[in-house]
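Its first residue numbered 1221, the sequence shown is counted upward by one per residue in the numbering used here.
What follows is a short report on a single structure.
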Amino acid sequence: MRAGFLILSIATMAFASMSGAAFAEATPPPPANKRNCQNTVPFQRWLADFKREAIAEGIHAATIDEAIGGMTPDMSVVARDRKQGFFSQTFIDFYFKLATNGREKMGKSYLQRYKSIFDRAEQQYGVPGAVITGFWALESDFGGGMGNLSVMRSLVTLAWDCRRGDFFRNELKAALKIIERGDLTADQMIGSWAGELGQTQFLPQHYYNYGVDYDGDGRVDLIRDIPDIIGSSANFIASMGWKRGEPWLEQVRVTKELPWEKADLTVLLPRSQWVAWGVEGVGHKLPSDDLQASLLLPMGRSGPAFLAYNNFRVYTQWNQSLTYATTAAHLAARMAGAPNLSRASGNVPSLGYEQTKELQALLKRRGFDVGEVDGKLGAGTRKAVKEMQIKLGFPADSYPTSELLTALRGRS
């Protein structure tokens, strides 16, 4: 979800408030025709079919029987995945709740304590240590909040459930392969309800494919082994296209007059162009050079502003929530020495969940493709908002306001 505020399930936010765990946007949503489906296949029949399928793909029957034989679905996991209660948080509220001074301090202390490992990972993969610690802080509070559920049972449940069964069948197979490789036992796989593992919350396929035995003890342990956590995280981040030696995000100041329609992650321009339009660095002079950057306004033109560089795309691949991605990226910048977030005007009115649904419905009625009317300010809704702002002569910063909603009501 690309949004100026994050819509979270109540259950997810309760976990996030403890540890900054990964959110639903880290996994693909269910297809539209399966969002409200009902399970009709008896679990034991499904389990027998899955076992045959996994054996055909080379997983040993003994591994399957020991890990998930006799297991029953956890219906609380199904309930969490289907949770329909939502509330909204602005980017600023979310940021200051999770990107705390304590997490910044802990990240900096880790960078010093494990400097040789971070240096080795950066030399090998090109990923700065601060980028890793930024994710580490938000995903599990440096191991303090990895979850307390059986990952195998959660994966079995989600693979059986009709909503995202195909996706989680593959994750379950990957988890079984992790066991066969000797990295973890099923009993050691304690994590989140969504099946994520370790201190940087890897899905099993990512764990299996990008996990690195960075201390040479013969196994990949992302739950307890600090070198493995650092090396594996660097490997995974590099796999998403991280550019060695390039920046990722920095906060900037913007003028009151700007071609706001250019403030879009799909628009990359040289820094010299942003400087020519009056964009300034915070605490330093912004270089007027050819480095490509997008102007990112998660709360519109009156909220915090950022230049997002090519490496920022890795953050939105890690988690589709623009709020999460921006928070993780700026926290990493702080751990690398940048100042804390400036709130800009700080007083940016935001639409709530029901208002956003109404806005989406009004835009959809006028022919805009907003996707599902779900109260989430995703990429489609932001694009439609921008086009409507241009049509009405409003500053086209892609951020919906009560003024825009009022104007749409008057034209319906």
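Beta carbons: idealized from backbone N, C-alpha and C, even for Gly.
Owing to the predicted nature of the structure, the values given are computational and were not obtained by experimental measurement.
Closest by C-alpha distance to residue i, when choosing among the options
i, options, result
"Ala1496", "Leu1485, Thr1486, Met1326 and Asp1510", "Asp1510"
"Asn1256", "Gln1343, Gln1264, Arg1384 and Leu1542", "Arg1384"
"Gly1418", "Ile1457, Asp1407, Gln1537 and Asp1441", "Asp1441"
"Asn1284", "Ala1268, Ala1299 and Arg1602", "In the sequence under discussion, the amino acid at residue 1284 is Ile, which differs from the Asn named in the question. Checking every option, the nearest Cα to that of Ile1284 belongs to Ala1268."
"Gly1322", "Asp1435, Ala1274 and Asn1560", "Asn1560"
"Asp1361", "Leu1597, Ala1319, Ala1394 and Arg1302", "Ala1319"
"Lys1577", "Gly1587, Val1593, Arg1586 and Gly1354", "Val1593"
"Glu1342", "Leu1582, Pro1569 and Gly1451", "Gly1451"
"Asn1429", "Glu1623, Met1460 and Glu1273", "Met1460"
"Pro1293", "Ser1370, Lys1476 and Pro1615", "Ser1370"
"Pro1507", "Arg1491, Gly1402 and Leu1515", "Arg1491"
"Arg1464", "Gly1436, Val1590 and Tyr1345", "Tyr1345"
"Phe1263", "Gln1332, Pro1251 and Gly1290", "Gly1290"
"Ser1374", "Gly1363, Gly1364, Phe1588 and Ser1412", "Ser1412"
"Gln1425", "Gly1438, Arg1389 and Ala1454", "Arg1389"
"Arg1302", "Gly1572, Phe1314, Thr1626 and Lys1254", "Lys1254"
"Ala1454", "Ala1553, Gly1436, Leu1582 and Thr1353", "Thr1353"
"Val1351", "Leu1571, Tyr1535, Gln1540 and Thr1621", "Tyr1535"
Within 8 Å, strictly: CB atoms of residue i and residue j
i, j, result
"Met1409", "Met1372", "yes"
"Ala1483", "Leu1527", "no"
"Ile1288", "Val1376", "yes"
"Asn1650", "Asp1381", "The structure shown does not extend to residue 1650, since the chain is modelled only from 1221 to 1632, so the question has no answer here."
"Arg1473", "Ala1513", "no"
"Leu1478", "Gly1501", "no"
"Leu1628", "Gln1609", "no"
"Thr1247", "Ala1414", "yes"
"Trp1468", "Ala1549", "yes"
"Gly1431", "Asp1407", "no"
"Glu1286", "Lys1393", "no"
"Glu1470", "Ala1558", "yes"
"Val1297", "Leu1378", "yes"
"Phe1614", "Ala1604", "no"
"Lys1328", "Met1555", "yes"
"Gln1580", "Val1590", "yes"
Environment of residue i [buried if 16+ CB atoms lie within 10 Å]
i, result
"Arg1631", "exposed"
"Ala1395", "buried"
"Phe1306", "Model confidence at Phe1306 stands at a pLDDT of 43, short of 50, so the residue's coordinates are unreliable; what they give is reported in the following sentence. Buried is the call here."
"Ile1399", "buried"
"Lys1596", "buried"
"Gln1332", "exposed"
"Lys1611", "exposed"
"Ile1230", "The predicted model places Ile1230 with a pLDDT of 31, which falls under 50 and marks its position as unreliable, so this point remains unresolved."
"Ala1242", "Caution applies to Ala1242, whose pLDDT of 48 falls short of 50 and renders its modelled position unreliable; the value that the coordinates give is listed next. Classification of Ala1242: buried, given that the 10 Å Cβ count is 16 or more."
"Glu1466", "exposed"
"Ala1553", "buried"
According to DSSP, residues forming a beta bridge with residue i
i, result
"Ile1410", "Ser1370"
"Ala1513", "Leu1489"
"Leu1417", "Phe1422"
"Gly1503", "For Gly1503, which the question treats as bridged, DSSP gives no partner whatsoever."
C-beta neighbour in chain D for residue i, strict 8 Å
i, result
"Ala1549", "Although the question refers to chain D, the structure presented lacks it and comprises just one protein chain."
Mind pulling the alpha helix (DSSP H) runs of 4 or more residues that sit fully within the region 1251 to 1332? If only complete runs of 4 or more residues are kept, the region 1251 to 1332 shows the alpha helix (DSSP H) at 1263 to 1276, 1281 to 1288, 1295 to 1301 and 1311 to 1318, in order along the chain.
Extract the residue ranges of the beta strand (DSSP E) inside the region 1424 to 1499, only unbroken runs of 3 or more that lie entirely within it. 1469 to 1473
Whole beta strand (DSSP E) elements within the region 1517 to 1546, 3-residue minimum: 1525 to 1528
Alpha helix (DSSP H) runs contained entirely in the region 1363 to 1389, provided each spans 4 or more residues: With a minimum length of 4 residues, the continuous alpha helix (DSSP H) runs that stay inside the region 1363 to 1389 are 1371 to 1380.
In chain order, what are the residue ranges of uninterrupted beta strand (DSSP E) at least 3 long that sit wholly in the region 1541 to 1624? none
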